[in-house]
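Taking it in order: structure first as structure tokens, then the write-up.
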Amino acid sequence: MFTLLLVVATAVWAAMFILPLVGYAALGLSLLKDAFAQGTAKPRSSSRHGTLFTPSFTHS
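With this note's numbering, letter number 14 in the sequence shown gets 14, and the count goes up by one each step, no holes.
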């Protein structure tokens with residue numbers, strides 16, 4: 001019983017470190033992909049993502 005508890009505690013402790021790392025890696029990859037897409041296809045992506053960088057009052 002104690003061994004099972006130890007395994008569960010170790011898995012939770014490891015997940016607390018691994019999950020944020022995976023999340024940051026996925027976020028970094030998506031941001032990289034976004035930047036790459038904007039660099040390669042500027043006119044198309046600027047019209048799609050225009051609201052992200054321009055103030056909201058210009059689109060009201």
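We put the CB at the ideal spot given by N, CA and C, even for glycine.
Can you list, in chain order, the residues of its chain whose CB lies under 8 Å from that of residue i, leaving out five sequence neighbours each side?
i: Met16; result: none
i: Val8; result: none
i: Leu21; result: none
Beta-carbon within less than 6 Å of residue i's beta-carbon, same chain only, minus the 5 sequence neighbours each way: which residues are those?
i: Asp34; result: none
i: Gly23; result: none
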